[in-house]
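Straight run, no breaks: the sequence shown in the working numbering ends on number 299.
We put the beta carbon where it would ideally sit given N, CA and C, even for glycine.
Every value quoted in this text rests on a predicted model; they were computed, and no experiment measured them.
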Amino acid sequence: MPAKRGGPTAPVVVSVGGSVLFRDEGDREYLAKLSELLRDLGRSSTLLVTTGGGRTARQYIRLGRELGLTEVELDEIGIEVTRLHARLLAARIGPPCPARPPTTLAEAVHEAHRASPVVLGGTEPGHTTDGVAAMLAVRLRARTLVNATDVDGVYDRDPHRFPDARRVERMAWPQFRGLVAAGTSTEAGQNFLFDRLGAELLARAGIPLAIVDGRDLPNLEKAVRGERFRGSRIDG
């Protein structure tokens with residue numbers, strides 16, 4: 064059985080955004096170093112990693128929408144892209160990481176009892192990979208969920224538009240859930256702060272969420288190991 068939530072050996076879940084995995088700049092070097100880090104982290108505790116679809120998924124979804132596909136069909140296309148990203152990362156990590164990424168929550172939980180790290184993409188329509196990561200964190204009583212994204216935390220306003228935006232280092236769940244709810248809808252291919260369902264599940268289970276810049280690997284390692292990191296922590 065998984066360790067009791069919050070203990071030093073309790074599982075950790077990492078959600079790596081697709082916008083972090085592929086930027087058309089330094090991707091090969093980044094993926095190689097990320098793979099090495101995840102392999103190393105997986106030796107000291109049970110580690111599960113979800114991979115997003117990013118720009119690639121959004122391009123397919125945009126084209127599919129123009130062709131008249133349903134939202135469910137668009138979700139399924141996005142899921143296939145996330146699984147392709149998971150397959151690439153898992154192959155680079157190598158054993159004991161399963162070469163064939165799980166496609167369901169039950170399968171991922173089963174693999175987590177046998178191997179670490181375990182890498183997977185999406186599971187079913189209506190669930191983003193952030194949401195999948197949150198559901199896994201709850202199922203496994205994880206110590207924390209680390210969201211490796213393209214910004215280094217939660218800001219009081221859009222840091223891409225406002226140079227004086229301030230990063231919020233610590234935030235309570237009610238405030239964070241309000242921010243998430245204000246910025247999401249039910250359409251496939253969104254690019255948002257975090258998954259609404261995922262935030263609700265983590266808040267209810269009392270599992271902290273760390274939001275960090277996924278390309279800053281030394282800092283990502285600190286967040287996974289439970290050390291002081293640069294970013295935002297949501298709890299309480």
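Can you give the Cα-Cα distance for Ala-196 and Gly-261, rounded to whole angstroms? One alpha carbon belongs to Ala-196, the other to Gly-261, and they sit about 8 angstroms apart.
Spell out the partners DSSP gives Asn-210 in its beta bridges. Listed as beta-bridge partners of Asn-210 by DSSP are Ser-78 and Ile-274.
Compare the Cα-Cα distances from Tyr-218 to each of Val-231, Ala-171 and Leu-256 and report the closest residue. The candidate whose alpha carbon is nearest that of Tyr-218 is Val-231.
Alpha helix (DSSP H) containing Ser-98: first to last residue? Taken as a continuous stretch (DSSP letters only), the alpha helix (DSSP H) holding Ser-98 covers 90 to 107.
According to DSSP, simplified to helix, strand and coil, what is Leu-130? The answer is coil: DSSP assigns Leu-130 none of H, G, I, E or B.
Based on the DSSP output, what are the partners of Thr-113 in its beta bridges? Answer is Ser-78 and Leu-183, bridged to Thr-113.
How should Phe-225 be labelled, buried or exposed, when 16 other C-beta atoms within 10 angstroms of its C-beta is the threshold for buried? Under this definition Phe-225 is an exposed residue.
Measuring only the C-alpha atoms, how far is Ser-295 from Pro-281? In a straight line, the C-alpha of Ser-295 is about 16 angstroms away from that of Pro-281.
Going by the beta-carbon positions, is the gap between Ser-82 and Asp-213 smaller than 8 angstroms? Contact flag set, yes.
Going by other Cβ atoms of all chains shown within 10 Å of its Cβ, with 16 needed for buried, is Gly-185 buried or exposed? Only buried fits Gly-185, as 16 or more other CB atoms lie within 10 angstroms of its CB.
Can you tell me which of Ala-266, Asp-90, Thr-192 and Leu-101 puts its alpha carbon nearest to the alpha carbon of Ser-179? Residue Leu-101 is the option with its Cα nearest to Ser-179.
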